[in-house]
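Reviewing the structure listed below.
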Amino acid sequence: MPDITKEAADEAAKHTLGEPVPTADTAVVEKAAADKNRSLWGDAWVDLRRRPMFIISALIILLLIVMSAFPGLFTGTDPTATDLQNHYLSKPKLGHVFQADWLGYDQQGRSVYSRLVHGTRNSVLVGFGATIIVTLLGSFVGMVAGYFGGWLDAILSRVTDIFFGIPFLLGAMLVMNAFTDRKWWLVAAALGILGWTQITRVMRGSVLTVKQSDYVQAAKALGASTSRIMLRHILPNAMAPVIVVATIALGTYIGAEATLSYLGLGLSAPAVSWGADISDGLAQIRVAQHVLLYPSIMLTLTVFAFIMLGEAVRNALDPKLR
Numbered sequence: 164m165p166d167i168t169k170e171a172a173d174e175a176a177k178h179t180l181g182e183p184v185p186t187a188d189t190a191v192v193e194k195a196a197a198d199k200n201r202s203l204w205g206d207a208w209v210d211l212r213r214r215p216m217f218i219i220s221a222l223i224i225l226l227l228i229v230m231s232a233f234p235g236l237f238t239g240t241d242p243t244a245t246d247l248q249n250h251y252l253s254k255p256k257l258g259h260v261f262q263a264d265w266l267g268y269d270q271q272g273r274s275v276y277s278r279l280v281h282g283t284r285n286s287v288l289v290g291f292g293a294t295i296i297v298t299l300l301g302s303f304v305g306m307v308a309g310y311f312g313g314w315l316d317a318i319l320s321r322v323t324d325i326f327f328g329i330p331f332l333l334g335a336m337l338v339m340n341a342f343t344d345r346k347w348w349l350v351a352a353a354l355g356i357l358g359w360t361q362i363t364r365v366m367r368g369s370v371l372t373v374k375q376s377d378y379v380q381a382a383k384a385l386g387a388s389t390s391r392i393m394l395r396h397i398l399p400n401a402m403a404p405v406i407v408v409a410t411i412a413l414g415t416y417i418g419a420e421a422t423l424s425y426l427g428l429g430l431s432a433p434a435v436s437w438g439a440d441i442s443d444g445l446a447q448i449r450v451a452q453h454v455l456l457y458p459s460i461m462l463t464l465t466v467f468a469f470i471m472l473g474e475a476v477r478n479a480l481d482p483k484l485r
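Counting from 164, one number per residue, gives the positions in the sequence shown under my numbering.
Shown next, in the form of structure tokens:
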């Protein structure tokens with residue numbers, strides 16, 4: 164005798180009580196109604212889950228975050244420990260997976276693999292720190308300029324133009340050159356203060372569009388306060404393009420930190436940085452290519468993952484690109 168599940172018994176009971184049995188048409192109608200009730204972010208999430216580019220980039224970024232938070236899970240070797248017996252002539256031993264000599268040693272006998280793992284933390288911290296500063300500062304200035312308009316918009320736009328005219332990397336180099344003890348938060352602050360202008364312009368344009376919407380006009384007619392209109396109605400609906408730009412820019416800030424470290428203006432020793440390792444590896448490229456190769460691969464992969472994630476989010480949030 165076949166086994167009757169609880170769902171089947173409930174369905175049979177409904178049928179017995181005279182309730183309508185769902186058909187294929189009703190299922191389609193219910194699915195269409197559910198799709199219609201989803202918000203912009205709900206639609207974007209459904210679309211993102213079907214995109215291989217989003218899944219691959221998200222997995223890479225998740226691995227980087229775990230590596231930066233728990234480097235001890237990947238290596239037990241001190242990245243600053245030197246042993247001149249293991250100088251850069253010690254080539255990678257690819258058979259020793261995840262061991263200290265897996266990717267070889269640099270010119271000071273430090274494990275290249277261990278430095279890759281521990282360098283992830285500084286790169287991720289600088290990238291997320293700079294992005295948070297840029298998003299908060301740029302969104303605030305852009306929203307105030309776009310919503311109030313008039314003379315306030317004119318002043319804020321000119322201030323934005325002034326900062327926009329400052330070469331990003333040159334400005335960061337000048338700021339970092341003024342400090343001798345350079346921590347990750349100092350690098351993030353320098354990049355964030357110099358990089359907020361693009362977010363401001365995107366946010367201002369988005370606010371100018373959203374504030375003409377019927378629901379915003381209705382909120383004004385009902386006497387809602389300015390702060391409530393800005394925070395409850397305009398900000399959530401104007402953030403989509405800002406998040407896209409910020410996600411793509413995050414990879415740019417990680418690359419900028421590596422560039423500063425390469426130029427000797429990034430994190431101070433003994434902090435571990437991919438950019439500093441690339442600089443060291445370039446000086447030894449004729450005799451030990453692996454010292455330059457592996458930090459370059461990690462940096463490129465990280466920047467590429469964030470750019471792919473930003474592109475996937477942009478495609479998901481823009482109905483014209485679906």
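Ideal Cβ positions, reconstructed from N, Cα and C, are used throughout, including at glycine.
Taking 8 Å as the upper bound for CB-CB distance, arginine 284 and proline 234 are in contact here, some 7 Å apart. The C-beta of tyrosine 276 has 16 or more other C-beta atoms within 10 Å across all chains shown, which makes the residue buried.
Residue environment: tyrosine 378 is assigned as exposed (fewer than 16 neighbouring CB atoms within 10 Å of its CB, all protein chains considered). In the three-state scheme derived from DSSP, where H, G and I count as helix and E and B as strand, serine 274 is classed as strand. Taking a cut-off of 8 Å on C-beta distances, the region 416-432 does not touch the region 223-239, as fewer than three cross pairs fall below it. At a cut-off of 4 residues, the continuous stretches assigned as alpha helix (DSSP H) that sit fully inside the region 405-466 are 437-446.
With a beta-carbon spacing of about 4 Å, arginine 477 and valine 407 fall inside the 8 Å limit used to define contacts.
For tryptophan 347, the enclosing alpha helix (DSSP H) stretches over residues 347-357.
When the five nearest sequence neighbours on each side are left out, the beta carbons in the same chain lying within less than 6 Å of the beta carbon of alanine 403 are those of Leu480, in order along the chain.
Under DSSP, tyrosine 268 shares a beta bridge with Ser274.
Close CB contacts of proline 433 within its chain, under the 8 Å cut and outside five residues either way in sequence, are with Thr243 (chain order). It is roughly 24 Å from the alpha-carbon of glycine 239 to the alpha-carbon of alanine 451.
With a threshold of 16 other beta carbon atoms within 10 Å, histidine 259 falls short and is exposed. Counting the other CB atoms within 10 Å of its CB gives arginine 212 a total below 16, which places it among the exposed residues. Your pair isoleucine 397 and lysine 374 checks out as a contact, with CB atoms roughly 6 Å apart and the cut at 8 Å. Contact between glycine 272 and aspartate 246 holds: their C-beta atoms lie close to 4 Å from each other, under 8 Å.
Assignment of histidine 396 by DSSP, reduced to helix, strand and coil, places it in the helix class. Taking the CA atoms as reference points, alanine 475 sits about 33 Å from methionine 339.
If the five residues before and after alanine 439 are omitted, its C-beta is found closer than 6 Å to the C-beta atoms of Ser424, all from its own chain and listed in chain order. Around the beta carbon of arginine 395, a 10 Å sphere encloses fewer than 16 other beta carbons of the protein chains shown; the residue is thus reported as exposed. When the Cα atoms are used, glutamine 270 and alanine 232 turn out to be separated by approximately 27 Å.
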